[in-house]
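First comes the structure, then the notes that go with it.
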Amino acid sequence: MQATNVTRDEAQTRCEALDKRLCTEIEWERACKGPNSTTYEYGAAYNAQICVMSKAGNMAPSGTSAGCRSGYDVADLHGGAFEWTASPWNRGSTSDLVVVRGGSGEPGEVVGRCANARARRPDRQFADVGFRCCAGEPNEAQVALEVERPTEPLKALARTPEMTASLEQHLPEELTKSLPKGKGGEFRIERVWKWYPIGNEQIVLASGCAHPTAHAVCGVVIARLKNEKLHPLTFAPSGWWLPNIQLDDDRRILWVYGGDGQGKYRRRVAYLWGRIGVGEPELGGVKVR
Numbered sequence: 001m002q003a004t005n006v007t008r009d010e011a012q013t014r015c016e017a018l019d020k021r022l023c024t025e026i027e028w029e030r031a032c033k034g035p036n037s038t039t040y041e042y043g044a045a046y047n048a049q050i051c052v053m054s055k056a057g058n059m060a061p062s063g064t065s066a067g068c069r070s071g072y073d074v075a076d077l078h079g080g081a082f083e084w085t086a087s088p089w090n091r092g093s094t095s096d097l098v099v100v101r102g103g104s105g106e107p108g109e110v111v112g113r114c115a116n117a118r119a120r121r122p123d124r125q126f127a128d129v130g131f132r133c134c135a136g137e138p139n140e141a142q143v144a145l146e147v148e149r150p151t152e153p154l155k156a157l158a159r160t161p162e163m164t165a166s167l168e169q170h171l172p173e174e175l176t177k178s179l180p181k182g183k184g185g186e187f188r189i190e191r192v193w194k195w196y197p198i199g200n201e202q203i204v205l206a207s208g209c210a211h212p213t214a215h216a217v218c219g220v221v222i223a224r225l226k227n228e229k230l231h232p233l234t235f236a237p238s239g240w241w242l243p244n245i246q247l248d249d250d251r252r253i254l255w256v257y258g259g260d261g262q263g264k265y266r267r268r269v270a271y272l273w274g275r276i277g278v279g280e281p282e283l284g285g286v287k288v289r
């Protein structure tokens with residue numbers, strides 16, 4: 001198994017004892033992508049078995065998978081511990097965080113990418129963070145990204161005719177398939193918010209209803225705003241009720257409140273690695289539908 005539970009300085013000291021040093025994140029990524037610059041060390045398509053990626057983030061022993069090698073013949077870059085690098089976390093943060101690479105966990109198709117990176121405090125020890133040493137002169141290039149992260153994660157917007165029309169023209173497929181054609185089947189936007197779950201991400205939330213029968217079809221249309229254009233993502237149903245939205249303590253999670261003939265409920269809406277997950281109706285943590 002890889003050595004873990006070491007701070008970054010401790011890892012650096014161990015590398016220096018071997019007349020080596022910690023790799024920079026650019027060096028690490030290059031070693032992973034190989035001469036053909038592949039998405040994963042083994043190729044372009046994700047395969048959870050090749051590097052033994054664990055859903056729980058469990059670490060596989062070194063050498064478990066012979067196929068987990070890059071085009072430069074570097075082994076076990078994923079499937080085991082995350083690895084300290086010599087690089088600062090230059091991604092819109094003024095803190096002293098540093099970059100770790102590799103590792104295992106969910107979603108595997110994201111964690112397993114050669115380009116994936118996470119931030120950790122260098123003065124702490126972690127059970128899932130080890131290290132890898134490099135030799136020779138370091139590559140001094142650094143990753144530096146500008147990150148926009150508003151202090152207010154959820155902001156109500158004025159409902160303009162232009163915005164409403166654009167949203168109603170970009171309804172998610174799961175909503176349009178459920179609505180009948182003709183009178184009463186038109187979904188009308190009533191309220192609009194902008195949600196900033198993480199830096200450099202803008203999600204538009206639009207609540208509304210259609211009235212195809214005696215009972216309304218209501219919910220929240222969820223779309224990504226990119227380059228001033230809306231891209232529909234999904235729909236969070238709220239039953240017969242025009243939904244209310246509440247932000248969780250974690251800015252990546254929202255609660256959509258609604259109800260039907262059986263009473264009120266709420267749905268969890270979560271942002272994870274660019275995806276939106278919509279939960280089942282619940283009340284007090286118990287599924288109610």
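Per my numbering: the sequence shown = residues 1 to 289. Cβ atoms here follow ideal geometry from the backbone N, Cα and C, with glycine treated the same way.
Assign W28 to one of three DSSP states: helix, strand, or coil.
Helix.
P88 - partner residues in DSSP beta bridges
For P88, which the question treats as bridged, DSSP gives the partners V98.
If you draw a straight line from the alpha carbon of P268 to that of L283, how long is it in whole angstroms?
In the sequence on display, residue 268 carries Arg and not Pro. Rounded to whole angstroms, R268 to L283 spans 11 Å at the Cα level.
Chain-order list of residues whose beta-carbon lies under 6 Å from that of L77 (same chain, five-residue window excluded)
Correct list, in chain order: C32, E41 and G102.
Which term fits A17, buried or exposed, when burial requires 16 or more other beta carbons within 10 angstroms of its beta carbon?
Result: exposed.
Ignoring anything shorter than 3 residues, give me the beta strand (DSSP E) runs that lie fully in the region 98-171, in order along the chain.
Listed in chain order, the beta strand (DSSP E) runs fully inside the region 98-171 are 98-102, 117-120, 129-131 and 154-157, counting runs of at least 3 residues.
Pairs of beta-carbons, one from the region 233-248 and one from the region 172-189, closer than 8 Å: are there three or more?
Counting C-beta pairs closer than 8 Å gives three or more between the region 233-248 and the region 172-189, which meets the contact rule.
Work out the CA separation of R14 and S70 for me, nearest whole Å.
Rounded to whole angstroms, the separation of the alpha carbons of R14 and S70 is 25 Å.
Would H211 and G239 be called neighbours here (beta carbons separated by less than 7 Å)?
H211 places its beta carbon 7 Å or farther from that of G239.
Return the bridge partner residues of V6 from the DSSP annotation.
Looking at the DSSP assignment, V6 forms no beta bridge with any residue, so it has no partner.
Does the separation of the CB atoms of N117 and V99 fall below 7 Å?
Reading off the sequence shown, one finds Ala at residue 117, where the question assumed Asn. Yes.
Just reading off the beta strand (DSSP E) that L233 is part of, what are its end residues?
Element bounds for L233: K229 to G239.
Own chain residues within Cβ distance below 8 Å of S87, not counting five before or after:
T24, E25, I26, V98, V99, Q142 and V143, listed in sequence order.
If we ignore side chains and look at the alpha-carbon of each, how far apart do T164 and E109 end up?
Rounded to whole angstroms, the gap between the alpha carbons of T164 and E109 is 35 Å.
Helix, strand or coil at R14 [DSSP, three-state]:
Of the three classes helix, strand and coil, the one that applies to R14 here is helix, per DSSP.
Check the C-beta distance from R159 over to R191 and give it rounded, since I have them as a contact under 8 Å.
With a contact defined as Cβ atoms closer than 8 Å, R159 and R191 qualify at about 7 Å.
Where does E174 fall in DSSP's three states?
Taken through DSSP and simplified to helix, strand or coil, E174 comes out as helix.
Using the three-state DSSP reduction, which class does K20 fall into: helix, strand or coil?
Note: K20 maps to coil in three-state DSSP.
Buried or exposed (CB count within 10 angstroms, at least 16 for buried), E162
The Cβ neighbour count for E162, taken over all protein chains shown within 10 Å, is under 16; the residue is labelled exposed.
Can you check whether the CB of I198 is closer than 7 Å to the CB of R224?
In this structure, I198 does not lie closer than 7 Å to R224 by Cβ.
From G67, G105 and R21, pick the residue whose C-alpha is nearest to that of P138; which is it?
Ranked by Cα distance from P138, the first of G67, G105 and R21 is R21.
Starting from the Cα of V290, find the closest Cα among E168, W195 and A127 and give me that residue.
The requested residue 290 is not part of the displayed model; the chain covers only 1 to 289.
Between C114 and T39, how many whole angstroms is the CB-CB distance? I'm expecting something under 8 Å.
Confirmed, Cβ separation roughly 7 Å.
State yes or no: is the C-beta of G130 within less than 7 Å of the C-beta of Q2?
Taking 7 Å as the Cβ cut-off, G130 and Q2 qualify as a contacting pair.
What are the boundary residues of the beta strand (DSSP E) that W255 is part of?
Unbroken beta strand (DSSP E) run through W255: I253 to D260.
Is Q262 close to chain B? Criterion is C-beta to C-beta, closer than 7 Å.
Given the protein chain composition of this structure (a single chain), no chain B is represented.
When we look at the beta-carbon of W89 and count the other beta-carbons within 10 Å, is it buried (16 or more) or exposed?
Buried: at least 16 other Cβ atoms inside 10 Å.
With distances taken from CA atoms, which of L154, K155, W193 and Y265 is nearest V220?
For V220, the nearest C-alpha among the options comes from W193.
Please classify Y72 as buried or exposed, where buried requires at least 16 neighbouring CB atoms within 10 angstroms.
Looking at its Cβ environment, which holds fewer than 16 other Cβ atoms inside 10 Å, Y72 is exposed.
To the nearest whole angstrom, what separates the beta carbons of L242 and L167, a pair I think is in contact under 8 Å?
Taking C-beta atoms under 8 Å as the contact rule, L242 and L167 fail to qualify, at a distance of about 15 Å.
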